[in-house]
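Undergrad: My questions will all concern the structure given below.
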Amino acid sequence: MKNTLRQVFHSSKFVVGFVIFVAILLTMFIYPLFNPGNPLEMIGVGTFARPGTYFSLYDAVKTPTETLRLANADDKRLGKQLSDEDRVAIVAWLSAVNVNVEGLDINDTEALLEQWRANYDPSVKPKGMTQAKRNYYKRLDAALKEVDAADTLIIADKNEEGQLEQQGTITKTDYVNVGQVANVKTLPLGTDNFGRDVLKELVSAAGTSIVIGLLAGLVATLIGLTLGLLSGYVGGICDDIIMFFTNIFTVIPGFVLLILISYSIGQEQRGAAVVALVIGLTSWTWTCRSVRSQVISLRNRDHVNLSKLSGHSLVRIILTDILPYIASYVVMAFILQVSSGILAEAQLSLLGLGPKTTEVPTLGLMMNWAMLYSAHTNGSWWAYFPVILTITLISFSLNLMNTGLDQVFNPTLRD
Amino acid sequence: MSDKVIRKDFSNAKSCLRGVGVTRYFHTGKITTKAVDHVDFDFHEGELVSIVGESGSGKTTLSKMLLGLLKETDGQIFFQGKPRDISSHAKLKEYWSGIQAIFQDPFSSFNTFNKIDTVLLDCINMRGGKNLPNEKKVDMMTEACSFVNLKYAELTNKYPFELSGGQMQRLMIARIFLLKPKILLADEPTSMIDACSRATILDMLLQLRDEVGMTVIFITHDIGLAYYISDSIYIMEHGKFVESGPADEVILNPKAPYTRRLISDVPKIHEPWDLSTV
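Chain order of the listed sequences is A and B. Here the first sequence stands for residues 1 to 415, where the numbers follow my numbering. Here the second sequence stands for residues 1 to 278, where the numbers follow my numbering.
This is how it looks when you write it as structure tokens:
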């Protein structure tokens, strides 16, 4: 046993897979300690806030300021206000008034504004340009000039008579230290469509998905192992009956069956455990088949015959003379079942047949929500890409562990 | 081993294991292989019988049927004069307390996950010694091991794969020593072992037979060895017994051409080897 473990941990593939998987598991346990609370809490009101650090504007205004004179501050400020549309429009104007725009990068705010200031003339009427478009340019120019001109913002508050009274001003050179702002919230992966912290949700979802995978894998492996052992060792009519049902389950596409069962259970009854059970109940067939064939090759070995001659019972022979010989194989089958259980949950949830949405997040549900609220079309990559990456990493690490084990236990596969 | 084997006449001894028309067919698709095809035999108490035949002649299939590990397609086997009844597990267990086996390959005969003690303790339990005090069990195991020139103290808590092939086969004999069955079925017990250990193991088998007084069914492809140790010989070809009888008669006056071929195939020193029959 000790020797086997040492051998297993000498396989680089297994070790890499193991490290990735353990890292994911550790994150699942450690992250909630630093960021406790309900992962489904809606902290944002809008949908899909970008990843980044958010600090309270109210608190920032009340925070003592320092004066910093930074070069390019004005251009940066203007740059943030210029949308991509405006930039394209500026280039369009420049080319309409015969300015050479070749080599002009629309993301280079400084160069773009320099050209604009030099060449914009509201009185010029480029050929073919509508009045509405020319008015748009006028507004754009006015907005840019306003940003340039406005030097201070006035902070006002209502006094006792209900009239605004100036409390203070903010100039362009006023800065506050983020560390001194009372309320700062970093959302490394932004928020999702319901305004929930994606990272917190993701960590919790990965945990749920792994539990679902483990449960589904356990159910599938237990059923497959028991039936495979019985059918392979006992043989005869027992084998025929078990193989009859196995073949039926193999012929019906497992995923269709999974969809039908999930659908008929209904949204209300579908907790995470029920979904895991349904996945386990539909995916045991190949474990059963492969265990059966392994057992058939074992049952006529001399050590089994010797055990029979020693008067051992059927159960004892199966448990002591057959099971230990296929244990390594069963462990590998279990790992694959866990991996496919996680994927099956993701697929089911993506179709809206996953666990009910109000209790726990799962990786599949997160993708389902992202899809329903068109995260993929409005560019909110943070709502689905980290989820896909997590699923990939989990199943990659499990499969890598499986390949590593396979190479340890099947010396012919070693390279 | 004694220089001269004294053969006794067993033709009037009590029947121990008798078979009438014992048959086993294997079906693979539409092809039927007749592994054992209507054989009759009669083994007597205390006799050493050899079943000789080339590979694939059905020796091992027959031995599995004799052991009750394989159901016969047709025919009947009589154990101690009565039809053999192995319909339930309890009856099988009862039957196996009377018939035991030593297999060909010692390396695959033991469960590699069980310790040697487990193998020997199983035998004591099977003989009804489950409730014996521990010291008594250890004494019995020590005795069995010393019978086959093994030291129990060195074997305890070891796994079978830590032993050499010869040691493992001797452990198998120690197992038989503990079980003391009426019939021992030895399926080529020496074919996987080097020549030096072979003589030791045969010697132990013969000694055990004298001590316990059991019938030994010796299955081999080596007709020279069979002649050397047996009282009677059955020659098997393609699932049928082509010749049988007392060893001297079969070997010295072979009637079937197959027997003659087998005898001529025995390699002889100081003589050119006739390969024409191969």
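Each residue gets a CB set at the ideal place from its N, CA and C atoms; glycine is no exception. Predicted, not measured: the structure shown is a model, and the values here were computed from it.
Cα separation between TRP368/A and ALA206/A?
TA: Locating residue 368/A in the first sequence gives position 368, counting from the first residue. Locating residue 206/A in the first sequence gives position 206, counting from the first residue. The amino acid at residue 368/A is misidentified as Trp; the sequence shows Asn. Those two C-alpha atoms are separated by around 15 Å.
Undergrad: Output the distance between the C-alpha atoms of THR4/A and GLN169/B, rounded to the nearest integer angstrom.
TA: Locating residue 4/A in the first sequence gives position 4, counting from the first residue. Locating residue 169/B in the second sequence gives position 169, counting from the first residue. Cα to Cα, THR4/A sits roughly 27 Å from GLN169/B.
Undergrad: Tell me whether MET476/A sits in a helix, a strand or coil according to DSSP, three-state version.
TA: Because chain A in this structure spans residues 1 to 415, residue 476/A falls outside the shown range and cannot be described.
Undergrad: Closest to ASN292/A by C-alpha separation, out of ASN305/A, ILE318/A, ALA96/A, VAL198/A, would be which residue?
TA: As a working mapping, residue 292/A is identified with position 292 in the first sequence. One detail in the question is off: residue 292/A reads as Arg in this sequence, not Asn. The shortest C-alpha separation from ARG292/A is found at ILE318/A.
Undergrad: Using a Cβ-Cβ distance under 8 Å, would PHE218/B count as near chain C?
TA: Considering every chain present, this structure includes no chain C. Its protein chains are A and B.
Undergrad: Just mark ILE419/A as buried or exposed, buried being the case when its beta carbon has 16 or more other beta carbons within 10 Å.
TA: The structure shown does not extend to residue 419/A, since chain A is modelled only from 1 through 415, so no value can be given for it.
Undergrad: Taking only runs that begin and end inside the segment 31 to 90 of chain B, name each unbroken alpha helix (DSSP H) of 4 or more residues, in chain order.
TA: 59 to 67
Undergrad: For MET172/B, I'd like the list of residues in its chain whose CB is within less than 6 Å of its CB, leaving aside the five on either flank, ordered along the chain.
TA: As a working note, residue 172/B is residue 172 in the second sequence. Same-chain partners within the cutoff: ILE102.
Undergrad: If you scan the segment 141 to 175 of chain A from start to end, which runs of the beta strand (DSSP E) of 3 or more residues do you find wholly inside it?
TA: 152 to 158, 164 to 171
Undergrad: State yes or no: is the beta carbon of THR320/A nearer than 8 Å to at least one beta carbon in chain B?
TA: Position 320 of the first sequence, counted from the start, is the residue given in the question as residue 320/A. Yes, THR320/A lies at the interface with chain B (some Cβ there is under 8 Å from its Cβ).
Undergrad: Any idea what DSSP makes of ASP3/B, helix, strand or coil?
TA: The sequence position of residue 3/B within the second sequence is 3, counting from 1. The predicted model places ASP3/B with a pLDDT of 46, which falls under 50 and marks its position as unreliable; any figure quoted below should be read in that light. ASP3/B: coil per DSSP, three-state reduction.
Undergrad: Can you check which of these residues, ILE210/A, ILE322/A, VAL8/A, is closest to LEU230/A by C-alpha distance?
TA: Numbered from its first residue, the first sequence carries residue 230/A at position 230. Of the listed residues, the one whose Cα sits closest to LEU230/A is ILE322/A.
Undergrad: Residues bridged to VAL22/A by DSSP?
TA: Translated into the one-based positions of the first sequence, residue 22/A becomes position 22. BP columns for VAL22/A are empty, so no partner.
Undergrad: Identify the contact partners of ARG6/A in chain B, using a Cβ-Cβ distance below 8 Å as the criterion.
TA: Here residue 6/A is taken as the residue at index 6 of the first sequence, counted from 1. Within 8 Å Cβ-Cβ: nothing; ARG6/A doesn't reach chain B, min ~17 Å.
Undergrad: Please classify ILE210/A as buried or exposed, where buried requires at least 16 other C-beta atoms within 10 Å of its C-beta.
TA: Taking the first residue of the first sequence as 1, we reach residue 210/A at position 210. Buried, because 16 or more other Cβ atoms sit within 10 Å of the Cβ of ILE210/A.
Undergrad: Does GLU359/A come out as helix, strand or coil in the three-state DSSP assignment?
TA: Residue mapping note: residue 359/A aligns to position 359 of the first sequence, counting from 1. Three-state result, GLU359/A: coil.
Undergrad: Buried or exposed: where does CYS288/A fall if 16 or more other Cβ atoms within 10 Å of its Cβ makes it buried?
TA: Taking the first sequence and counting its residues from 1, one reaches residue 288/A at position 288. Burial call: buried.
Undergrad: Can you pull the chain B residues whose beta carbon is under 8 Å from the beta carbon of ASP302/A, in chain order?
TA: For the purposes of this step, residue 302/A is taken as the residue at position 302 of the first sequence. Those are PHE103, GLN104, ASP105, SER108, SER109, listed as they occur along chain B.
Undergrad: Do you know offhand how far CYS145/B's Cα is from MET332/A's?
TA: By 1-based counting over the second sequence, the position of residue 145/B is 145. By 1-based counting over the first sequence, the position of residue 332/A is 332. Linking CYS145/B to MET332/A through their CA atoms gives a straight-line distance of about 40 Å.
Undergrad: Going along the chain, which residues of its own chain have a beta-carbon closer than 7 Å to the beta-carbon of LEU179/B, five neighbours each way excluded?
TA: Taking the second sequence and counting its residues from 1, the one referred to as residue 179/B is at position 179. Correct list, in chain order: GLN100, CYS123, MET126, ARG127.
Undergrad: Any heavy atom of the ligand MN closer than 7 Å to the beta-carbon of ALA142/A?
TA: Within the structure as shown, the ligand MN is missing, as the structure has no ligands at all.
Undergrad: According to the Cβ coordinates, are SER97/B and ASP302/A closer than 8 Å?
TA: In the second sequence, counting from the first residue as 1, residue 97/B sits at position 97. In the first sequence, counting from the first residue as 1, residue 302/A sits at position 302. Not a contact, by the Cβ cut-off of 8 Å.
Undergrad: Extract the residue ranges of the alpha helix (DSSP H) inside the segment 161 to 224 of chain B, only unbroken runs of 4 or more that lie entirely within it.
TA: 165 to 179, 195 to 212
Undergrad: Given a threshold of 16 other Cβ atoms within 10 Å of its Cβ, counted over all protein chains shown, does PRO290/B qualify as buried or as exposed?
TA: Residue 290/B falls outside the range modelled here, since chain B spans only 1 to 278, and no answer is possible.
Undergrad: With DSSP run on the structure shown, which of helix, strand or coil describes PRO246/B?
TA: Your numbering for residue 246/B matches position 246 in the second sequence. Here PRO246/B sits in strand by DSSP.
Undergrad: Going along the chain, which residues of its own chain have a beta-carbon closer than 6 Å to the beta-carbon of MET1/B, five neighbours each way excluded?
TA: As a working note, residue 1/B is residue 1 in the second sequence. Caution is warranted here: a pLDDT of 42 is assigned to MET1/B, below 50, making its placement in the model unreliable, and the coordinate value is therefore given only provisionally. These residues qualify, in order along the chain: ASP203.
Undergrad: Are there 16 or more other CB atoms within 10 angstroms of the CB of LEU124/A, so buried, or fewer, so exposed?
TA: As a working mapping, residue 124/A is identified with position 124 in the first sequence. The residue you asked about is not Leu; residue 124/A is Val in the sequence shown. It is exposed - the Cβ of VAL124/A has fewer than 16 other Cβ atoms within 10 Å.
Undergrad: With DSSP run on the structure shown, which of helix, strand or coil describes MET1/A?
TA: As a first step, residue 1/A must be located in the first sequence, where it is residue number 1. DSSP places MET1/A in coil when its eight states are reduced to three.
Undergrad: Residues of chain A with CB closer than 8 Å to the CB of CYS123/B, please, in chain order.
TA: As a working note, residue 123/B is residue 123 in the second sequence. Those are SER310, listed as they occur along chain A.
Undergrad: For LYS93/B, would you say it is in contact with chain A, using Cβ-to-Cβ distances shorter than 8 Å as the test?
TA: Position 93 of the second sequence, counting from 1, holds the residue named residue 93/B. It does; some Cβ of chain A falls within 8 Å.
Undergrad: Measuring alpha carbon to alpha carbon, tell me which of ALA90/B, ASP265/B, PHE147/B ends up nearest VAL212/B.
TA: Counting from 1 along the second sequence, the entry for residue 212/B is found at position 212. Measuring from the Cα of VAL212/B, the nearest candidate turns out to be PHE147/B.
Undergrad: Which runs of the alpha helix (DSSP H) fall wholly inside the segment 112 to 139 of chain A and span at least 4 residues, in chain order?
TA: none
Undergrad: Report yes if the C-beta distance between LEU206/B and LEU67/B is below 8 Å; otherwise report no.
TA: What you label residue 206/B is simply residue 206 of the second sequence in a count that begins at 1. What you label residue 67/B is simply residue 67 of the second sequence in a count that begins at 1. No. Outside cutoff.
Undergrad: When you compare only the Cα positions, how much space is there between PHE18/A and VAL274/A?
TA: Residue 18/A sits at position 18 when you count from the first residue of the first sequence. Residue 274/A sits at position 274 when you count from the first residue of the first sequence. Distance between the alpha carbons of PHE18/A and VAL274/A: 28 Å.
Undergrad: Identify, in the order they occur along the chain, each residue of the same chain with its Cβ nearer than 8 Å to the Cβ of SER11/A, setting aside the five sequence neighbours on each side.
TA: Along the first sequence, one-based indexing puts residue 11/A at 11. Counting only Cβ-Cβ distances below 8 Å, and skipping sequence neighbours, we find GLY404, LEU405, GLN407, VAL408.
Undergrad: Work out the CA separation of PHE113/B and LYS4/B for me, nearest whole Å.
TA: Within the second sequence, residue 4/B is the residue found at index 4, counting from 1. Within the second sequence, residue 113/B is the residue found at index 113, counting from 1. With a pLDDT of 49 at LYS4/B, under the threshold of 50, the predicted position of this residue should be treated as unreliable, and no value is reported.
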